[in-house]
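Written below as structure tokens is the structure these notes are about.
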Amino acid sequence: LDEIVLSDLLQCLVECSEKSSKIAQIFREENDVFNLLIQEKSESESNKRFVQDFKTLADVLVQETIKLDVGKKFPQLVPKIQGEEQISFKNAQGESIEVILTDSADETTSMLSKVLDGRKNFARAIANVLHSTEILCEKKQCFAADTYPIDKLGIWIDPIDSTAEFIEGKCEESETEGTEQNNGLKCVCVLIGAYDLETYVPVIGVVNQPFHSRLSENTKWNSKFFWGIHYKNSSIVSSSVQSTPNDHNASVKEDSDLHPEKDKTVLTSSSESIELLEIIKRQYKVVHSAGAGHKALLVAIKKSDLYILSKSSTYFWDTCGPHAILMAAGGGMLRLKEAINDCDEVNMEFLKRRQVKYKPVSSKTGTEAFQNLDGILAYRDPNIALNFVRFLKNSGYVVR
Numbered sequence: 004l005d006e007i008v009l010s011d012l013l014q015c016l017v018e019c020s021e022k023s024s025k026i027a028q029i030f031r032e033e034n035d036v037f038n039l040l041i042q043e044k045s046e047s048e049s050n051k052r053f054v055q056d057f058k059t060l061a062d063v064l065v066q067e068t069i070k071l072d073v074g075k076k077f078p079q080l081v082p083k084i085q086g087e088e089q090i091s092f093k094n095a096q097g098e099s100i101e102v103i104l105t106d107s108a109d110e111t112t113s114m115l116s117k118v119l120d121g122r123k124n125f126a127r128a129i130a131n132v133l134h135s136t137e138i139l140c141e142k143k144q145c146f147a148a149d150t151y152p153i154d155k156l157g158i159w160i161d162p163i164d165s166t167a168e169f170i171e172g173k174c175e176e177s178e179t180e181g182t183e184q185n186n187g188l189k190c191v192c193v194l195i196g197a198y199d200l201e202t203y204v205p206v207i208g209v210v211n212q213p214f215h216s217r218l219s220e221n222t223k224w225n226s227k228f229f230w231g232i233h234y235k236n237s238s239i240v241s242s243s244v245q246s247t248p249n250d251h252n253a254s255v256k257e258d259s260d261l262h263p264e265k266d267k268t269v270l271t272s273s274s275e276s277i278e279l280l281e282i283i284k285r286q287y288k289v290v291h292s293a294g295a296g297h298k299a300l301l302v303a304i305k306k307s308d309l310y311i312l313s314k315s316s317t318y319f320w321d322t323c324g325p326h327a328i329l330m331a332a333g334g335g336m337l338r339l340k341e342a343i344n345d346c347d348e349v350n351m352e353f354l355k356r357r358q359v360k361y362k363p364v365s366s367k368t369g370t371e372a373f374q375n376l377d378g379i380l381a382y383r384d385p386n387i388a389l390n391f392v393r394f395l396k397n398s399g400y401v402v403r
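Here my numbering = 1-based position in the sequence shown + 3.
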């Protein structure tokens, strides 16, 4: 199999994201076990931005399950699947255990029992989901017949983006109808992105929210997925990305010509530089929200206009999936520093040239080789992005 049908790969990745969501939901339902599982990340693999960055067994399991399931359908892709997590884990006795999944549910149960300090029933429940062959997404998502050389594709996974929100497990519904929750479980996302190993451009993105909605506090969570395919000149997105009844600008009349930006929202993290925030607030509404993947998703589904991050605290696994969806929806993700400090004319060609690329930095070691070193600017509407870049340049802002 030298060529892969992109819609078949998409179907597989959507399936994987749904199974991953199930795993995340099971973990959150078991509070006592959850406390046992949270392990601090060792220095070498920690994201310096978080004082206490966590690694959870759920993270590692989601990542390895995706590898296992993709491998069953597309074995050639397995060596090219990369994720955020390392696969070793310590249990309560301090034993180091490697999370290696086989095709046997019994082997998985026994390996998980060790990590879970002998909790066999919980281990069995997780193993059953991991090894389930139940089709979680029966509806064929896309019928495009485009093929892609399989040796040119790589995959980035962030098994559970917004680990801190996942661990805290808050789930207050947002105050106002129609507004998105800016922290808590709703920000947790499973992120999967396929990209071209020669051009380093994203091709397929799948984002799944395991804790999208539920009927009441005592009922189970429902997940929701979003996807996009961006290939050559064809772009396709899921109906969840297409349909935008909650477009937050829908009610804004086009008569705001004098201040076209005053109704535009810019998502940032709570640790963004004060200097940048002060500049943006002159013309835009600033909203803080958790999770890089979640913020990029909100832009893709038109719940916000832009997402800016001036620091290098995101990695390829955070952005590859959402970036593909943004590109498929007509938008993209810029390398912020290059875009702002560049003297070229700011036009559509400029946006094309300044996209984030998924090429490891050869001079860096460890996870730093996969950092988005220039910061990022995510957008769905190219004109809004162009106006914003011009505005920042005219304000004299420089990304340091």
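Think of the CB as a built atom: it goes at the ideal place given N, C-alpha and C, for glycine as much as any other residue.
query, result
"Y234 beta carbon less than 8 Å from that of L9", "yes"
"Residues near I1 in its chain [Cβ-Cβ closer than 6 Å; skip 5 each side]", "In this structure the chain extends from 4 to 403, so residue 1 is not present and cannot be described."
"Straight-line gap, L270 to A299 (C-alpha atoms, nearest Å)", "9 Å"
"Inter-stretch contact (C-beta, 8 Å, three-pair minimum) for the region 387-398 and the region 345-358", "yes"
"DSSP bridge partner residues for F229 (one or two, in chain order)", "V210"
"Test item: CB-CB of V289 and R383 under 8 Å", "no"
"Assigned exposure category for L200 - 16 Cβ within 10 Å defines buried", "exposed"
"Whether V426 touches P162 by CB criterion (8 Å)", "Beyond the ends of the chain as shown, which are 4 and 403, falls residue 426; an answer cannot be given."
"C-beta atoms of W230 and S241 nearer than 8 Å", "yes"
"Proximal residues to G294 (C-beta, below 6 Å), its chain only, five neighbours per side dropped", "D164, S165, C190"
"Ordered list of alpha helix (DSSP H) runs contained in the region 55-130, each at least 4 residues", "60-76, 108-118"
"Through-space distance from P205 to L389, alpha-carbon basis", "21 Å"
"Meets three-Cβ-pair contact criterion under 8 Å: the region 308-328 and the region 134-152", "no"
"Pairwise C-alpha distance: T322 and W279", "Looking at the sequence provided, one finds Leu at residue 279 rather than Trp. So the alpha carbons of these two residues sit roughly 21 Å apart."
"Rounded straight-line distance, which links the Cα of K143 to that of V402", "44 Å"
"Cβ-Cβ distance between V63 and I90 below 8 Å", "yes"
"Residue from F373, N185, S20 whose Cα sits closest to the Cα of F319", "F373"
"Beta strand (DSSP E) segment containing L309, residue limits", "309-312"
"Candidates G378, K22, S307, G334: closest to I239 by CA position", "G334"
"Assigned secondary structure, C174 (DSSP; H/G/I helix, E/B strand, else coil)", "coil"
"K76 versus D11, N124, D109, residue with shortest Cα-Cα distance", "D11"
"Distance, G74 Cα to V81 Cα", "5 Å"
"Residue from I207, G187, L188 with nearest C-alpha to G196", "I207"
"Where D6 falls: helix, strand or coil (DSSP)", "For the sequence presented, residue 6 should be read as Glu rather than Asp. E6 falls in the strand class under three-state DSSP."
"Proximity below 8 Å, CB of S273 to CB of H297", "no"
"Delimiting residues of the beta strand (DSSP E) encompassing I387", "From DSSP, I387 is part of no beta strand (DSSP E) but of the alpha helix (DSSP H) over 385-397."
"Residue span of the beta strand (DSSP E) that contains P152, given as start and end", "150-152"
"As assigned by DSSP and simplified to three states, the class of N249", "With a pLDDT of 46 at N249, under the threshold of 50, the modelled position of this residue cannot be trusted, and the question is left open."
"For V240, the three-state DSSP class (helix, strand or coil)", "strand"
"C-beta atoms of I103 and L115 nearer than 8 Å", "no"
"Span separating the alpha-carbon of K25 from that of S135", "11 Å"
"Where K360 sits in the DSSP three-state scheme", "coil"
"Beta-carbon proximity of E18 to N211, cut-off 8 Å", "no"
"For N136, the three-state DSSP class (helix, strand or coil)", "The displayed chain sequence assigns Thr, not Asn, to residue 136. Coil, per DSSP."
"Sequence-distant residues of the same chain with beta carbon closer than 7 Å to F214, five excluded per side", "C174, L188, K189, V191, W224"
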